[in-house]
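All the letters of the sequence shown, read from the start, carry residue numbers -17 to -1, 1 to 114 under mature numbering (1 follows the signal peptide of the UniProt record, and there is no 0). Quick reminder that beta carbons are idealized off the backbone N, C-alpha and C, glycines included. Bear in mind the structure is a predicted one, so any value in this text is a computation, not a measurement.
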Amino acid sequence: MLLKCIILLVTFANVYCVSDEMRDLMDNLHKTCVANTGVDEALIVDANQGHFEDDEKLKCYMRCVLDEVGLFEGDVFDLEGCIAMLPDEVRDTKLSDVMRACGASSTGSCQSMFDLNKCVYKGAPDLYFLP
């Protein structure tokens, strides 16, 4: 259950104070998805800076993060569930609108989750974080 409290593709660890427990959970999520996908860590760092390399492992890492926090029912992405996981202080900001606009046609594919991440970064770069 605690894992579901992790703020997935749009974590605000760098913007808002996050407990040590939450940081540990995000670190475990990161390690799990790096191990599952084999993504190069440098690509994750680059994505957090707005440079999204067209790399299949990175795309699937992004899907893995969302899948690990329970935001898929089969291949169906739960966009509203994702928004509901946002901290209260952020949920009513432009980020929710950006996520809805970006995720409106998202499917469960790695490519779709990559496109969602790029779109969210473009719409709210100051709030974007990929664990």
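Query, Result
"Which residue comes first and which comes last in the alpha helix (DSSP H) that contains D75?", "Note, D75: premise wrong, no alpha helix (DSSP H); not H, not E."
"Identify the residues that DSSP records as bridge partners of E56: which are they?", "V59"
"Please say whether G91 and F35 have beta carbons closer to each other than 8 Å?", "no"
"Report buried or exposed for V52, applying the criterion of at least 16 other Cβ atoms within 10 angstroms of its Cβ.", "buried"
"Starting from the C-beta of L69, find all residues in its chain whose C-beta is less than 6 Å away, skip the five residues before and the five after it, and write them out in chain order.", "none"
"First and last residue of the alpha helix (DSSP H) that includes M9?", "3 to 20"
"Just to confirm before moving on: does the CB-CB distance between L62 and M45 stay below 8 Å?", "no"
"Grab me the residues of V22's own chain with a C-beta within less than 8 Å of its C-beta, minus the 5 sequence neighbours each way, in chain order.", "C16, D38, K40, L41, C43, Y44"
"Report yes if the C-beta distance between L99 and S89 is below 8 Å; otherwise report no.", "yes"
"So, with DSSP's three-state summary, where would you put Y104?", "helix"
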